[in-house]
Ligand code: GLA
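Pasting the structure below:
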């Protein structure tokens with residue numbers, strides 16, 4: 004399967020951990036429609052670890068836990084599809100999943116076919132309990148090939164956390180996204196670390212194999228499985244903007260059935276989502292390296308515009324600036340830049356050929372820039 008833009012959806016893990024069940028999935032599908040998430044592009048509803056029985060059946064097939072999924076997995080997938088949405092499931096490349104459930108190593112074809120029969124559209128594929136003698140690329144290629152032959156389009160979301168230099172081999176496996184980070188937690192320190200960790204792998208993302216920075220914590224407000232103190236609204240806004248600028252999949256982690264208006268507003272920011280989903284699929288780059296707290300990013304866009312992001316991840320207020328020249332618009336070309344700020348909508352022509360901004364701690368400014 005080929006994808007041109009990062010997937011958008013919801014995964015149960017950040018809030019519910021292993022306590023997943025059909026009610027959560029079905030109510031989340033309802034909330035996707037009712038709370039406007041579907042309308043702005045979120046489509047995959049994804050089950051994580053701990054969904055199966057501890058044993059395969061007599062034919063070696065995975066079986067959904069009958070207490071969590073009393074009507075079986077196909078029933079849940081059908082419900083999700085009936086809302087015009089897509090359904091995702093989880094397995095792992097090792098001998099057991101991270102939480103110790105049956106995993107797909109040496110069962111790749113059987114599992115891919117089972118998922119296809121159930122109507123699965125997305126597979127998150129983890130990296131725990133890896134057999135020592137087998138290389139990561141081989142494990143992911145096996146599942147990539149199985150998915151290619153299972154008779155259904157299933158998005159392949161690799162989750163090897165960037166281990167074993169994943170970026171060097173992941174494009175040979177058929178994966179559509181690859182997790183480049185350790186697990187996110189609902190804390191500013193985690194968000195900052197994950198953003199900064201992208202600096203050295205900016206050129207390993209892009210079309211058809213997007214660099215996955217892990218699920219969003221926006222709106223978790225220190226509740227649920229990944230809670231570690233929570234973040235402020237400003238920090239959640241910076242987090243969301245960074246995932247959009249860095250072309251990461253946008254997989255919501257908060258309980259969308261109960262999200263507040265502030266959360267809904269961040270997650271449904273159409274202009275930022277447009278940057279993330281831009282069909283050019285271009286890689287984001289850093290204009291000039293600042294320091295360990297400040298990042299300045301550019302993403303070229305399909306209509307000739309580009310997105311520009313100033314990020315202050317430090318604990319002090321700071322000034323950041325760049326020039327039209329640094330953005331490849333030299334004065335002698337007779338052109339200027341029009342900026343539209345994407346959290347507030349303010350439009351401004353660049354004055355004195357300089358874009359400058361004072362940024363509060365842990366905040367950002369993102370603009371869509373047009374050449375005029
Ligand atoms: C790993 C993954 C997480 C989650 C858990 C489930 O830690 O990185 O995203 O899937 O396993 O056990």
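Numbering (the working numbering), first residue to last: 4 to 375. We treat Cβ as the ideally placed atom computed from N, Cα and C, and that holds for glycine.
Integer-rounded CB distance, given that residue j should sit under 8 Å from residue i
i           : j           : result
residue 104 : residue 127 : Not a contact, Cβ separation roughly 13 Å.
residue 150 : residue 159 : 5 Å
residue 376 : residue 365 : Since the first residue of the chain shown is 4 and the last is 375, residue 376 is not available in this structure.
residue 169 : residue 139 : 7 Å
residue 133 : residue 97  : 4 Å
residue 13  : residue 173 : In fact, because the Cβ distance is near 24 Å, the residues do not count as touching under 8 Å.
residue 95  : residue 130 : 7 Å
residue 162 : residue 102 : Actually they do not touch by this definition, with Cβ atoms about 13 Å apart.
residue 180 : residue 9   : 7 Å
residue 189 : residue 229 : 5 Å
Residue i classed as buried or exposed, judged by whether at least 16 other C-beta atoms fall within 10 angstroms
i           : result
residue 65  : buried
residue 224 : buried
residue 198 : buried
residue 338 : exposed
residue 114 : buried
residue 167 : exposed
Neighbour flag for residue i against chain D, beta carbons, 7 Å
i           : result
residue 190 : Protein chains in the displayed structure number just one, and chain D is not present.
Any non-hydrogen atom of the ligand GLA within 6 Å of residue i CB
i           : result
residue 121 : no
residue 181 : no
residue 102 : yes
residue 215 : no
residue 68  : no
residue 16  : yes
residue 52  : yes
residue 189 : no
residue 167 : no
residue 129 : yes
residue 196 : no
Backbone CA spacing between residue i and residue j [nearest angstrom]
i           : j           : result
residue 124 : residue 154 : 11 Å
residue 246 : residue 279 : 8 Å
residue 34  : residue 146 : 32 Å
residue 218 : residue 206 : 21 Å
residue 301 : residue 310 : 6 Å
residue 120 : residue 76  : 10 Å
residue 214 : residue 186 : 14 Å
residue 352 : residue 72  : 55 Å
residue 79  : residue 56  : 16 Å
residue 341 : residue 373 : 5 Å
residue 333 : residue 355 : 12 Å
residue 347 : residue 362 : 15 Å
message: Count Cβ pairs between the stretch 38-57 and the stretch 260-278 that sit closer than 8 Å; are there 3 or more?
response: yes
- prompt: Counting Cβ pairs, one atom from each stretch, are 3 or more of them under 8 Å apart for the stretch 209-216 and the stretch 282-290?
  reply: yes
task: Tell me, please, whether the stretch 315-334 touches the stretch 360-374 by the rule of three or more beta-carbon pairs shorter than 8 Å.
output: Three or more Cβ pairs drawn from the stretch 315-334 and the stretch 360-374 lie within less than 8 Å of each other, which places the two stretches in contact.
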